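To keep things clear, I will list the structure first and then write my remarks on it.
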Ligand SMILES: CSC[C@@H](O)[C@@H](O)C(=O)COP(=O)(O)O
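Numbering (the numbering used here), first residue to last: 5 to 343.
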């Protein structure tokens with residue numbers, strides 16, 4: 005029996021199991037992870053993904069590696085984990101918290117990882133409640149990428165808000181961006197919507213602006229991988245395009261995230277490191293459905309995994325610590341609680 009468990013992670017005393025998100029929704033396959041190398045492989049492939057889940061799973065891998073190698077260099081393991089994906093700051097938050105316990109030994113690391121897991125679950129519940137407060141019956145909400153239980157230890161961030169609204173009896177209709185290139189919307193969010201029983205329609209990313217022009221979108225809710233001191237934020241590529249379209253069509257645009265996604269050391273969006281990914285992801289697609297290549301072999305590609313949305317396009321930042329408007333962000337209120 006795992007001693008901790010979420011929708012996509014099972015924590016045993018000395019190893020992890022993760023739900024391989026590259027195989028969803030075709031297969032629910034749990035994979036054992038015994039080492040930092042296996043974790044790095046899973047995270048690079050997006051078998052483990054979503055800002056909070058990346059950080060939490062790294063914390064457990066570090067604690068388990070430390071227990072297995074009491075004389076090893078824990079710092080070098082942490083450095084390797086940290087370098088695996090550069091954009092989501094939750095990974096840095098979790099590893100900073102773990103490194104602060106190095107002197108107390110391996111048992112303290114295991115305890116700290118469990119605390120981070122419990123914390124994320126509680127943060128999800130709080131931010132999701134605040135996000136749900138912004139929703140009313142009849143709202144048609146557009147969302148991007150996957151921000152649900154698969155991506156966190158709890159109910160999720162933006163999808164968490166939809167789930168809590170649903171539990172409160174608020175009747176929603178959700179438009180799910182398929183989220184090219186890796187289809188986290190088409191594969192994972194569509195699956196979660198069905199699981200939650202929330203009525204939804206899947207759209208190609210390129211349809212969002214015309215859906216807004218047709219007056220069919222009341223609100224946009226997305227998650228974040230890093231929120232800067234000035235309120236600019238990075239999220240899955242395609243988010244910026246949605247924010248521009250929402251601004252043009254006067255559709256409120258909300259970003260929902262835990263305080264662990266805020267990076268006060270990042271002054272503005274230009275300071276966020278953006279991960280560049282493999283050309284094959286744009287030339288075709290692969291997954292449980294098989295491999296397909298549609299572009300000419302060696303077609304030149306630009307493939308940033310994330311983009312930056314400027315603060316000026318955000319209606320409100322919904323964190324576990326509060327719902328902040330532009331004036332509160334300018335006063336730095338969202339940075340409280342982050343060193
Ligand atoms: C709670 S999830 C917030 C973000 O991590 C999410 O929107 C996102 O961009 C995930 O990207 P991914 O590349 O799938 O890890």
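Even for Gly, the Cβ is constructed at its ideal location relative to N, Cα and C. The model shown is predicted, which means the values in this text are computed figures rather than measured ones.
In the same chain as residue 145, and ignoring 5 residues on each side of it, the C-beta atoms closer than 8 Å to its own belong to 139, 166, 176, 177, 178, 179, 221, 222, 223, 224 and 225, in chain order. Sequence-distant partners of residue 297 (beyond 5 residues in either direction) whose C-beta falls short of 7 Å from its own C-beta, in its chain, are 287 and 288. In the displayed model, residue 316 falls within a helix according to three-state DSSP. Rounded to whole angstroms, the separation of the alpha carbons of residue 73 and residue 313 is 42 Å. Separation of residue 270 and residue 232 (C-alpha to C-alpha, rounded to the nearest whole angstrom) is 5 Å. Of the heavy atoms belonging to ligand 1, at least one sits nearer than 8 Å to the Cβ of residue 226.
Residue 216 counts as buried, since at least 16 other C-beta atoms from the protein chains shown sit within 10 angstroms of its C-beta. For the pair residue 236 and residue 94, the CB atoms are not nearer than the 9 Å cut-off.
With at least 16 other beta carbons inside 10 angstroms of its own, residue 241 counts as buried. Within the model, the alpha-carbon separation for residue 64 versus residue 87 is close to 16 Å.
For ligand 1, a non-hydrogen atom lies closer than 8 Å to the CB of residue 148. When C-alpha distances from residue 263 are compared across 251, 325, 62 and 302, the shortest belongs to 325. Here residue 44 really is in contact with residue 84; their C-beta atoms are around 7 Å apart, less than 8 Å. Under the 8 Å Cβ criterion, the stretch 303–320 counts as touching the stretch 271–285, having at least three qualifying pairs. At least one heavy atom of ligand 1 lies less than 8 Å from the C-beta of residue 156.
Residue nearest to residue 23 within the set 157, 34, 39 and 207 is 34 (criterion: CA-CA distance). When secondary structure is reduced to three states using DSSP, residue 119 falls in the helix class.
Put simply, the backbone Cα of residue 219 is about 21 Å away from that of residue 320.
Between residue 238 and the set 276, 208 and 206, the nearest pair of CA atoms involves 276. Leaving aside the five residues that flank residue 149 on each side, the residues in its chain whose CB is nearer than 8 Å to its CB run, in chain order, 181, 183, 188, 189, 193, 226, 227, 239, 240, 242 and 243. Annotation: residue 258 is outside any alpha helix (DSSP H); the continuous beta strand (DSSP E) that includes it extends over 257–260. Secondary structure within the stretch 99–165: the beta strand (DSSP E) runs of 3 or more consecutive residues, fully enclosed, are 144–147 (chain order).
Between ligand 1 and residue 188, a heavy atom-to-CB distance of less than 8 Å is present. In the structure shown, residue 310 falls within a strand segment according to DSSP collapsed to helix, strand and coil. Distance from the CA of residue 135 to the CA of residue 260, rounded to the nearest whole angstrom, comes to 7 Å.
Here residue 264 carries a helix assignment [DSSP, helix/strand/coil].
A residue is called buried once 16 or more other Cβ atoms fall within 10 Å of its Cβ, and residue 329, having fewer, is exposed. Look at residue 48: its beta carbon is at least 8 Å from all of the heavy atoms in ligand 1. When DSSP reads this structure, residue 225 sits in a beta bridge with 258. For residue 48, the enclosing alpha helix (DSSP H) covers residues 40–48. In the three-state reduction of the DSSP assignment, residue 239 falls in the strand class. If you draw a straight line from the Cα of residue 60 to the Cα of residue 157, it comes to about 8 Å. Beyond the five residues adjoining it in sequence on each side, residue 131 comes within less than 8 Å, by CB distance, of 161, 164, 165, 260, 261, 262, 322, 323 and 324 in the same chain, given in chain order.
Remark: the C-beta of residue 229 is in contact range of ligand 1, defined as less than 8 Å to any heavy atom. When only Cα atoms are considered, residue 100 and residue 119 end up about 14 Å apart.
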